[in-house]
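Read in order, the letters of the sequence shown are residues 9 to 214 in my numbering.
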Amino acid sequence: MATTYLAGLALGLALIVPIGAQNVFVVGQGLAVGWPRACWAVAAAGCCDTLLILAGAAGASGLLNGFPALRGVLLLGGAAFLTYLGLQAWRSGATTLSLEAGDVLSARTVIRRTVAVSLLNPHAILDTVGVIGAAVAAQPEASRTVFAGGTVSASWLWFLLLAAGAAATRRFLTPRKALWFERISGTIMLFFAALLLYEFITFVTA
9 MATTYLAGLA LGLALIVPIG AQNVFVVGQG LAVGWPRACW AVAAAGCCDT
59 LLILAGAAGA SGLLNGFPAL RGVLLLGGAA FLTYLGLQAW RSGATTLSLE
109 AGDVLSARTV IRRTVAVSLL NPHAILDTVG VIGAAVAAQP EASRTVFAGG
159 TVSASWLWFL LLAAGAAATR RFLTPRKALW FERISGTIML FFAALLLYEF
209 ITFVTA
C-alpha cells in the first residue's frame, strides 16, 4: 500500500509542480495576505483539486473523452479568464500585493479568487480530471483509495509549501518589488492565455 500511495503522490507532484496559473496565483495570495491567512488559498486550491480528482475517478474523465467539444469550450473559456487576470494585474498598481492592501483582503475574497483560478483553468481540469482521475479509476479496486490519497496529498502539500514560502518572504516585499511581481504574474497569466488560445485554434482546425 505504501508503494501505491507514493505512486499517487509522484503522479500528483509531476502534474502540479510545473509552473502554471494556479501555482502563480497561490504564491501571489501568500505574498498578499501573509500567514496564516494564506491558508485560505491553500484550502480552496486543495479542495478544488480534491473535487476534480474525485470527479475524474467517478467517471468525469470519460465525459471529457466522450464529448470532445467540451475541451474546446474549456480552452476558450480558460483563455478568456486568464486574459482578464493578466490584464487586471498589469492595470493595477503595487497596492494589490502591498502590505496595506493585504491587510484588508477578506477570507471570502481569497477563497473566491482561488476557486475561480482553479476551476476556470482548463489545464487544471484536464490534468486533474482527465489524467489523475483516469489514473485513479484505472487502479485495482483494493488500492484505488490509497492511490487517490497520494494524488490528493500532492496537491495539498505543494500548495502549502508555495503559500508558506511566499508568506515567509512577505516581510521583504517593498511596493516596488510588489509591482514587479504583479507585472511578472500578469505576464505569466497572459502567456498561458495565449497558449490556451493556440490550443483552441489547433483544436477547431484539426
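Think of the CB as a built atom: it goes at the ideal place given N, C-alpha and C, for glycine as much as any other residue.
Given this structure, state the Cα-to-Cα distance separating L30 from L168, to the nearest angstrom. Translated into positions along the sequence shown, residue 30 becomes position 22. Translated into positions along the sequence shown, residue 168 becomes position 160. Looking at the sequence provided, one finds Gln at residue 30 rather than Leu. Spanning the two alpha carbons is a distance of roughly 13 Å.
With respect to 8 Å, is the separation between the Cβ of V144 and the closest non-hydrogen atom of the ligand ZN below this value? Ligands displayed in this structure: none; no statement on the ligand ZN is therefore possible.
Inside the stretch 134-191 only - alpha helix (DSSP H) runs reaching at least 4 residues: 142-146 and 152-176
Residue range of the unbroken alpha helix (DSSP H) whose run includes W48: The residue labelled residue 48 in the question sits at position 40 within the sequence shown. From DSSP, the alpha helix (DSSP H) with W48 extends over C47 to A63.
Hey, out of R191, W48 and L23, whose CA is closest to S117's CA? Numbered from its first residue, the sequence shown carries residue 117 at position 109. Checking the sequence shown, residue 117 turns out to be Thr, not Ser. Among R191, W48 and L23, the Cα nearest to that of T117 is on W48.
If A175 and G36 are in contact, beta carbons under 8 Å, what's the gap, nearest whole angstrom? As a working note, residue 175 is residue 167 in the sequence shown. As a working note, residue 36 is residue 28 in the sequence shown. Actually they are not in contact, since the Cβ atoms of A175 and G36 sit about 11 Å apart, beyond 8 Å.
Buried versus exposed, by CB contacts within 10 Å (16 or more), M9: Numbered from its first residue, the sequence shown carries residue 9 at position 1. So M9 counts as exposed.
One question on the structure: do L165 and C56 come within less than 9 Å of each other, judged by their Cβ atoms? To locate residue 165, count along the sequence shown from 1; it is residue 157. To locate residue 56, count along the sequence shown from 1; it is residue 48. Going by C-beta atoms, L165 is not nearer than 9 Å to C56.
How long is the line joining the alpha carbons of L62 and F33, rounded to whole angstroms? Working through the sequence shown from its first residue, we reach residue 62 at position 54. Working through the sequence shown from its first residue, we reach residue 33 at position 25. If you take the alpha carbons of L62 and F33, they lie about 23 Å apart.
Range of the contiguous alpha helix (DSSP H) that encloses L128: Indexing the sequence shown from 1 puts residue 128 at position 120. No alpha helix (DSSP H) contains L128, which DSSP labels as neither H nor E.
Among L170, R45, G85 and A77, whose alpha-carbon lies nearest the alpha-carbon of V212? Here residue 212 refers to the residue found at position 204 of the sequence shown. Considering only alpha carbons, the answer is A77.
Using a Cβ cut-off of 9 Å (strictly closer), state whether W98 contacts chain C. Among the chains of the structure shown, chain C does not appear; only one protein chain is present.
For G85, the nearest candidate out of P130, I196 and T58 (CA to CA): To locate residue 85, count along the sequence shown from 1; it is residue 77. If we check each option's Cα against that of G85, P130 comes out closest.
Under three-state DSSP, which class holds D111? In the sequence shown, residue 111 corresponds to position 103, counting from 1. With a pLDDT of only 46 at D111, under the threshold of 50, the placement of this residue in the model should not be trusted; the figure read from the coordinates follows. In this structure, D111 counts as helix in the three-state DSSP scheme.
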